[in-house]
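Asks: Quick one: the structure is below, and I'll ask about it shortly.
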Amino acid sequence: MHFPSRLVFVCTAVLAALSSANAATPDDASVLTNEVARANNDSLLWGPYKPNLYFGVRPRIPKSLAAGLMWAKLDNYMTAQSNFRHTCEQNEGMAGYGWEEYDIRKGGRQTVHDTGNSIDMTIDFVKVPGGVHGGSWAARVKGVPRESAPTDLFTTVVFYTSLEGLGSLEVEKGDEDSVGFEGDVKLKGMTPELGEFSIDVTSGPDTNEHPKFTHPSYDEKPLDHSFVSSLQMPQEHLWQAKTIMFASMKPSLDAAIEKYGTESPPPPAQLFTLPNIPGEGNIHYVQKVFQGAFEFDILFQSGSAPEPLTSEFLTGEIEDTSLSFSSRFDKLYAPQAPFSDPEYSDFSKAMLSNLMGGIGYFYGSGLVDRSAAPEYDEENEGFWEEAADARSRVQPTEEEPRELFTSIPSRPFFPRGFLWDEGFHLIPVIDWDTDLALDIVKSWFNLIDEDGWIGREQILGLEARNKVPPEFAVQYPHYANPPTLFLILEAFVDKLKFNQTVTKHSDLEREGIADSLRSAHLENKDLAESYLRSIYPLLKRQYFWFKKTQWGDVKSYDREAYSSKEAYRWRGRTVQHILTSGLDDYPRAQPPHPGELHVDLISWMGLLSRSIRRIAEAIGESEDAEEFAVYENAITRNIDDLHWDEDAQTWCDATIDDFEESIHVCHKGYISIFPFLTGMVGPNSPRLKATLDLIRNPEELWSDFGIRSLSKKDPFYGTEENYWRSPVWMNMNYMVLKSLYDIAESAGPHKAQATKIYTELRTNLVQNVFREWQRTGFAWEQYNPDNGQGQRIQHFTGWTSLVVKMMTMPDLPPSSAAVGHDEL
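In structure tokens:
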């Protein structure tokens, strides 16, 4: 590997700083922060950051270059158009697809098992550091007919690239003739951020075969040529590459039908081809048509790269990238007993890779209702009807474009940022690449407004908005969402405290630049403190936004509690839903009432208080630490005072009855164990035994496939939408498992019970997700509590990927001594 001089200099400086005694002056620390940020951005600049596509590449630059891939089986006039793959879709009949190996700083391999097109598509993607513009990248595209494929399988593959913003992009005319390009196709371009660059689309090895037909049209368009179309389109339409392609095909398609008639038209593989019009434009298509198996390369080379990027070099890089990934995975994520078989390792690699392969870069405007309508305070009885009426009257504002670097829950169904999902996504990521996780957290907090609000769903730009029903497209600044990003910041503080770096510094120099950047904030105290200090004011701003907008009423209803201030209620409530809570249709008090108090929200506020207190301690903000300790204590006391129900032996939401009295509304399930899930219940709590009993009771929450979202005994179990009213969800089950482990490792009266439940639950969860992945080819949004089958959204490799973390958690025999907390 040859590294560019500037990046070598930067990373040499970084490594030197990391190996110092952390005695940098403030100026030195500032320089180090800037240099690490610059090197980190170079390392992360390029990637498959359009995860809504089966393969879509872009840099982390607004309005810049983008590239993608489409393909289809061409054997039938009626299905040719519908067979074209481009955007990941829920119902395209795939036998599974996704990244088998993927490291965001180096690359990886993705395979798409396309049963409808009778082909398995494998795409190797690698990143090549070099120069001063973020380096180069390359992709090798391979197609292998499936066993059921016809012997004369004809596949068309279309690579395209587009350019928004300033710059130029054109096809270099080389061996092109009137009917197409015989050899490689080269594009050249320039942008202010990327400098000069080129893209080579190779013809591939000599083993590639192309269809040959006796139809007269073949002489006009022989399929052993590449067809190149260059177009100039309005920038706001460039994301619609597939639609533009079909519009470009239509004139030549119509002309062929007119020339040869409907009785003897050209074969589909000949008919559905682009006109050969290479040149300048802001979107360019390179189309190839193959018979049987095929292979070709796409080589993006930065003009400042020191050496040429070739197919031979790519072959070596593909092998090196795979070996590097496997080596690192075995060090960090090798599954623990009873999941030691190689098949679990392959499964875990795929789940982790798909989680990181689902990281995207989004840029664009979002729709926000900034009306601050008084109905949104939800203070009156019947408030949900008033709020709905207010929403119907308001014209949302299209806000200034923003950028976000984030994971996504599901490539086919939820290809955008979700606030409460993201904290769960980053739990496995932070162990693999701490600095990546911190970069994503900061990207989210960069969206915060002056009040402290972050939109719970980030639908940035027309491409993202295209996937969202209109009724969900608008965001509301009084809507909260579970603050799960604080889980990651707390984990970072844990790593700093226990000095649990992912690799030792001596290894970093051997492993290269990418690895040195994964743990820079763990290796240097000043760098870590600088990060926490930069984000700390934003954390406080969001905390006090929660207190201001999601407060619950204690005083008006003479509720007895340790604190009259620490009570909370989700806004955005309707009769059937509290979408803002994340647990959409989980049963709540009926009818809704402005005097409600929600046990899950006060638990989240307890976690928030604890997290900010610990961060304040880490950066020496002692007065703040004392202040948040007071909030934390008051919340802990109020969780019991306001929400513990002695008869139900669990925590419950509270509401106001017809006599204006505060009463509990108990629906046993995820909501009722939230204090336990968020770590607000210690090993000696008098509430712990009842909570463990509830979790393990098969007539209540326990199933052979995980903890149910709602008790089997609840009258709402399995009713209506049945979204959070019985299914097993992996994010909540991870929180259960993590809390069980914390009890099992602590001295206390319920250690043995927690250990037994932990061991059984861990086994059940991992085995079921693995079994369904083997059966269907997918991870799923949720799992059926009666038969374990995956259901709802497929390819849900967001928080379902927490199964990776579960496999690396320790196996605890009943007599096992506790292991250290930092092992999690």
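Quick note, the sequence shown lines up with residues -23 to -1, 1 to 801 if you use mature numbering (1 follows the signal peptide of the UniProt record, and there is no 0). Ideal Cβ placement from N, Cα and C applies to all residues, glycine included.
1) How far does the alpha helix (DSSP H) with Lys525 in it extend, from its first residue to its last?
2) Go ahead and pull the three-state DSSP assignment for Tyr608.
3) Considering Glu362, what are the terminal residues of the alpha helix (DSSP H) in which it resides?
4) Tell me whether the region 640 to 650 and the region 682 to 691 touch, counting them as touching only if at least three CB pairs, one residue from each stretch, are closer than 8 Å.
5) Could you work out which residue in Lys165, Gln87, Asp101, Phe391 is closest to Trp757 when comparing CA atoms only?
6) Where do the ends of the alpha helix (DSSP H) carrying Lys472 lie?
7) For Glu170, does the three-state DSSP call read helix, strand or coil?
8) Would you kindly work out how many angstroms separate the C-alpha atoms of Leu669 and Thr732, rounded to a whole number?
9) Do you know how far the Cα of Arg748 is from the Cα of Pro791?
10) If I'm right that Ser342 touches Glu376 with Cβ under 8 Å, what's the distance once you round it to whole angstroms?
11) Return the residue from the list Glu296, Ser322, Ile295 that minimises the CA-CA distance to Lys308.
12) Determine the closest residue to Asp91 out of Gly73, Asp101, Val103, with distance taken between C-alpha atoms.
13) In three-state DSSP terms, what is Ile650?
14) Considering only residues of the region 754 to 780, which uninterrupted beta strand (DSSP E) runs meet the minimum length of 3 residues and lie entirely inside it, listed in chain order?
15) Should Asn710 and Leu742 be called a contact, given that it needs their Cβ atoms to be closer than 8 Å?
16) What separation, rounded to the nearest whole angstrom, lies between the Cα atoms of Asn259 and Arg590?
17) I think Glu147 touches Leu164, with their Cβ atoms under 8 Å apart; what is that distance to the nearest whole Å?
18) DSSP on Leu801, reduced to helix/strand/coil?
19) What's the call for Asp366, buried or exposed, on a 16-neighbour Cβ count within 10 Å?
20) Express the C-alpha separation of Arg117 and Phe273 in angstroms, rounding to a whole number.
21) Okay, do the region 568 to 584 and the region 513 to 531 touch, 3+ Cβ pairs below 8 Å being the bar?
22) To the nearest angstrom, how far is it from the Cα of Asn18 to the Cα of Gly111?
23) In the structure shown, what three-state DSSP assignment does Gly337 receive?
24) Looking only at C-alpha atoms, which of Ala667, Thr383, His402, Asn458 sits nearest to Arg393?
25) Please state whether DSSP places residue 804 in a helix, a strand or coil.
26) Given this structure, state the Cα-to-Cα distance separating Ala349 from Val552, to the nearest angstrom.
27) Do you know how far the Cα of Gly438 is from the Cα of Ala57?
28) Does Tyr452 pass the burial test, meaning 16 or more other C-beta atoms within 10 Å, or should it be called exposed?
29) For Ser139, count neighbouring C-beta atoms within 10 Å of its own C-beta (all shown protein chains included) and say buried if the count is 16 or more, exposed if not.
30) Nearest-angstrom Cα distance between Glu434 and Val103?
31) For Tyr195, name the three-state secondary structure that DSSP assigns.
32) Ignoring anything shorter than 4 residues or poking outside the region 250 to 333, list the alpha helix (DSSP H) runs there in chain order.
33) Once the 5 residues before and after Glu594 are set aside, which same chain residues still bring their CB inside 6 Å of it?
34) For Val705, list the residues DSSP reports as bridge partners.
Replies: The relevant details are as follows:
1) 502 to 526
2) helix
3) 360 to 370
4) yes
5) Phe391
6) 462 to 475
7) coil
8) 11 Å
9) 26 Å
10) 6 Å
11) Ser322
12) Gly73
13) helix
14) 757 to 760, 767 to 771
15) yes
16) 51 Å
17) 7 Å
18) The predicted model places Leu801 with a pLDDT of 37, which falls under 50 and marks its position as unreliable; any figure quoted below should be read in that light. Coil, per DSSP.
19) exposed
20) 6 Å
21) yes
22) 8 Å
23) strand
24) Thr383
25) Shown here, the chain extends from -23 to 801; a query on residue 804 therefore has no answer.
26) 22 Å
27) 30 Å
28) Sequence check: residue 452 is Gln here, not Tyr. Per the 10 Å Cβ criterion, buried.
29) buried
30) 31 Å
31) helix
32) 288 to 309
33) Ala602
34) Arg685, Tyr760
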